[in-house]
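In my numbering, the protein residues as written are 146 to 982. Each remark here refers to the structure printed beneath this line.
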RNA sequence: GCCGAAGUGGCGGAACUGGCAGACGCGCCGGACUCAAAAUCCGGUGGGGCUCACCCCCCGUGUGGGUUCGAUUCCCACCUUCGGCACCA
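The following block contains the structure:
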């Protein structure tokens, strides 16, 4: 018998798959009429080509490959494409360091990644490969930008935005983590800049609503998105500044406390702040406060336990419900980005307002009385003495004609009254903000807009797309896009009036690129349009999407948003891009997540060289449940390799000792043989269920290991009879068939040696019902819930029979002797329990 | 602070609807093969106790309670770890 040499075997079968175009799936001739019931779109999140694959990628693509191969063999037409999220900062930063153009560097990296993916043996339709940095691709990204612009969904506005001083670019809210840049961890600053936004807030309600279409999404991903969108219901109340004849709306979730508003706050950035203090004696102090706030970093400002600060504007707002005039302050605990940037402050019933009021000596007026959690009560006169705000529900007091009402009901009544008076209305507020998509960096898709002094901001006509990314000499970020340094790029003529004009020099956030790539796969070479709708409607939505949970909000929410816009544009006929989502856990090493900075990275290439792709694939799935974080163990992979060696020797021995195509009729087998037939069938059932139902690859693999272990123990006896040999051949073929999705190379090789061909097309085995049931089983016998004995009983035995069998056990008798049996519990198929006293 | 997930041998992890805790793998121990080693094959391996040949008993799934004939599984409280959000009015 020859040795198991993964290198040769893997190269051999990778060549075979390529030559046979085993995984290429053409589009149907008439996609609109084609039957969609047997198609399956299996997709893993596309990699960012950062040089080499890491273990997370290996896990991701192996999992996708198992699903894809399993579905192919279950008769599905599996659509399984691959591409590269090739724009982005790292390539640009590397370019700055090495001087190599990002395009060149990226090309080199994508080629390397492709090679690695092929070495890993994933079943990809390579004819559909794409890179988001190719002009043939980003032409259409720009096209969508124009479509969004047409619909008013893309707009440019000056706003306080997140600025990363190290990346020298603005960032979307989603890319700021705890006040720091998601990429480089630098503290993010706030700057007022004119930037491009996508109006994702307009889709907030639909993004929430359509969670109901996503039954197979992990609950936590949905929860994270739901929290991010942050819908809250409340009331908009209009306060007036009579002196200046101004109206300032505020949003509140507690209209019931309106009578308790004793002051009014504006975010320091609020545009009205200027107006309120202009030319007054408070002007200097307020302006200084505003300036101080602006200088504060996002991190500092987010600290919640620092003392409340603010500055009186000298103006008063009129409370619509009682005509009371309350002082207006500017304070930095009011955020410009949420609600209206202004709030009514009710210190008695909001802890933050309470702290502010105590500090500034403002009246605290209780308008809801009730019981605190600690049992003490808060009454109408307690405003002066209370030490914390009372935020719970109760009865309304100090609230004029609403006194005595339950506060929730009273809140509704107040809202209704405001509405009838034209002084307020029911309102919904979202935490979600519009998606900031412009970046002051080089390596991205140029935003296809032109600034003309006469016509304003004008879109580039579709026929002029793509707006090609020009060459520049210097990629270094200097606070404006490097594209601005290329005069030939910047200077152009206005598409509207023909006069001289300047191109927009910002590029798009790379999350725009990855918000529609799954659609381009369906029609990747179309140069007339981004994709043919009928073709996209045929393959989409993605039946199974697999990726890291780190994209729970960013990519997954943006892609959902994009799909909904495309639905509204009537380019697709579905509202959600990914029907099922599986989020994989991370691989830890030495107690921490693998990262270059920690120096605990395990390089997949090394292991592929040493043990082969099959071993790596097998181990990475065997290591633990795919959705959880797991710990990489260096010696563990050795075990996976040993197991494949065991399979190799077992199957080859069967090939040598058993004539081809010898199968026995197992119906009348002797015990030894029958046992292995049963085990084989049970393994088929277990592996099939584990793969299809819960992605439990680890237990599927261990089931095959058990079968192989049993086979080793039984084989020497079985070789001696023809029937036994038939059973062994059946076992060997089954092992190869079941293992194929995990370790396709060695399985294809063994399948060939078993005198068959094209395992990847072989129908998935089905368990024979007749062999799933045993004739007898081990009945557990307990006394008072404690295990005392096990007895063999016939499978068909009834309760009486089981009790009888249990009673005859000597071990049981020892524990029941001299005691009274008060109860007998019989669970057929499982156990008998005697309760004694 | 709020929301969510998870705590099981020396380690990674099993246990489907409440019914044999520790499957499978790693590591370790022992045996076979060998001049020897590696590889391979076979066996053992949660802790403690005992009048310890594998007979038997007790304890044991983060902690403390509860429901139940019976709880890793359900309920309550708490502790720890990880992830998300965090002055959102």
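For glycine and all other residues, C-beta sits at the position ideal for the given N, C-alpha and C. No experiment lies behind these values; they were computed from the predicted model shown.
| Asked | Found |
| --- | --- |
| Residue 593 versus residue 727 - alpha carbon distance | 35 Å |
| Distance, residue 360 Cα to residue 649 Cα | 42 Å |
| Validate contact between the region 576-590 and the region 306-318 using beta carbons, cut 8 Å, 3 pairs | yes |
| In DSSP terms, what residue 396 is bridged to | 381 |
| Residue 863 and residue 880 closer than 9 Å at C-beta | no |
| Rounded separation between residue 466 and residue 550 - CA only | 16 Å |
| Three-state class that DSSP yields for residue 313 in the structure shown | coil |
| Classification of residue 368 by the beta-carbon crowding that lies within 10 angstroms, buried from 16 upward | exposed |
| Inter-residue Cα distance where the pair is residue 636 and residue 645 | 7 Å |
| Own chain partners of residue 687 with C-beta closer than 7 Å, once the 5 adjacent residues on each side are dropped | 186, 188, 663, 722, 723, 724 |
| Sequence-distant residues of its chain with Cβ nearer than 6 Å to residue 877 (five each side left out) | 796, 799 |
| Three-way DSSP call (helix, strand, coil) for residue 415 in this model | coil |
| Span of the beta strand (DSSP E) around residue 837 | First-last for residue 837: 816-839, but that is the alpha helix (DSSP H), not the beta strand (DSSP E). |
| Exposure label - residue 642; buried when at least 16 CB within 10 Å | exposed |
| Coarse secondary structure for residue 678, derived from DSSP in three states | helix |
| For residue 379 and residue 173, the rounded distance between their alpha carbons | 51 Å |
| Backbone secondary structure at residue 667 - three-state DSSP | coil |
| Secondary structure, beta strand (DSSP E): runs of 3+ residues fully inside the region 622-671 | 636-638, 645-648 |
| At least three beta-carbon pairs within less than 8 Å, the region 707-716 to the region 738-756 | no |
| Status (buried if at least 16 other CB within 10 Å, exposed otherwise) for residue 565 | exposed |
| Best match in 666, 588, 660 for proximity to residue 613 [C-alpha to C-alpha] | 588 |
| Buried or exposed by the 16-neighbour rule on C-beta atoms within 10 Å, applied to residue 496 | exposed |
| Residues bridged to residue 268 [DSSP beta-bridge criterion] | Residue 268 is not bridged to any residue. |
| Which of helix, strand or coil DSSP assigns to residue 691 | strand |
| 8 Å contact criterion, which residue 381 and residue 396 should meet: CB distance rounded | 6 Å |
| Reference residue 968, options 961, 957, 960, 980, closest by Cα | 980 |
| Within the region 228-311, ranges of the alpha helix (DSSP H) (whole runs, at least 4 residues) | 234-243, 247-265, 280-295 |
| Nearest residue (CA-CA) to residue 923, options 911, 964, 888, 974 | 974 |
| Close beta carbons around residue 844, own chain, < 8 Å, minus the five adjacent residues each side | 831, 835 |
| Separation of residue 690 from residue 775, as counted between CA atoms | 21 Å |
| Cα-Cα separation, residue 706 to residue 377 | 20 Å |
| Span separating the alpha-carbon of residue 901 from that of residue 738 | 43 Å |
| Ranges of the alpha helix (DSSP H) found wholly within the region 694-775, counting only runs of at least 4 | 699-713, 749-756, 758-767 |
| Per-residue DSSP class, three states only, for residue 133 | With the chain covering only 146 through 982, there is no way to say anything about residue 133. |
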